[in-house]
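Structure record follows, encoded as structure tokens.
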Amino acid sequence: MTPEQAKTFPGIKFFPYDPAFKVRTLLKPIVPPEAVSIAASDGSVRPAHRVGRVEVDLPTGKATLTVYQLDDIRDRYPDHLFLPFRDALAGKETYGSGRYLEPVRLASGVVELDFNRAYNPDCAFGLTGRCPITPEENWLSIPVPAGEKMPVGAGH
20 MTPEQAKTFP GIKFFPYDPA FKVRTLLKPI VPPEAVSIAA SDGSVRPAHR
70 VGRVEVDLPT GKATLTVYQL DDIRDRYPDH LFLPFRDALA GKETYGSGRY
120 LEPVRLASGV VELDFNRAYN PDCAFGLTGR CPITPEENWL SIPVPAGEKM
170 PVGAGH
């Protein structure tokens, strides 16, 4: 963000914290991980691997989500997990292209997903970059009223 943009930045709005949107679940590994190309906001693709799937039981419903590792950061952060998702509030209360989560690995294949920490991609704020666009397999039919809301002025 440039100094000029910072002067008029309206801040980030969040849904109220709800502990029910912080869940622990088993990461069901995909062996071997599947190579995929995730479309990016600049028209390019981000090479990645599907590394597993998680099933979540949220207050608003159940869902199965795919977890990825982005190839361009995999060497530097071999344990980093990436979970883009788009919920039923997308384009209304949440960013239309989806939000991101970073699952935390715990013991014995369990991961923690704190949807209260769901964040918008940089592109949602008008910043340029190669923001991964949420793959359709992670489009949810349920609302996830947790984490960051749609930025002011964003709508897609």
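Going by my numbering, the sequence shown opens with residue 20, and the numbers climb by one from there. No residue lacks a Cβ here, since even glycine has one placed at the ideal position from N, Cα and C.
Cβ-Cβ distance between residue i and residue j below 8 Å
| i | j | result |
| --- | --- | --- |
| Y87 | F101 | yes |
| D106 | I57 | no |
| Y138 | E167 | yes |
| A82 | L159 | yes |
| G71 | L46 | yes |
| V73 | L132 | yes |
| V163 | L108 | yes |
Closest residue to residue i among the options (Cα-Cα distance)
| i | options | result |
| --- | --- | --- |
| R43 | Y114, F33, A126 | A126 |
| P97 | K111, R124, L84, R118 | R124 |
| P66 | V171, I152, P38 | I152 |
| T113 | A165, V50, H68 | A165 |
| G148 | P51, K32, S63 | S63 |
| P140 | G110, S60, L77, P22 | S60 |
| R93 | K111, R136, A54 | A54 |
| V130 | P78, G110, K111, H99 | H99 |
Alpha-carbon spacing of residue i relative to residue j, whole angstroms
| i | j | result |
| --- | --- | --- |
| F134 | C150 | 19 Å |
| G30 | P170 | 8 Å |
| G117 | D37 | 20 Å |
| K32 | R69 | 31 Å |
| E23 | K41 | 36 Å |
| G174 | C142 | With a pLDDT of 48 at G174, under the threshold of 50, the predicted position of this residue should be treated as unreliable, though the coordinate-derived value follows. Cα-Cα distance, rounded: 11 Å. |
| P35 | T85 | 26 Å |
| I49 | G128 | 12 Å |
| R136 | P52 | 26 Å |
| P122 | K111 | 25 Å |
Residue i CB to nearest heavy atom of the ligand COA below 7 Å
| i | result |
| --- | --- |
| E74 | This structure lacks the ligand COA, and indeed carries no ligand of any kind. |
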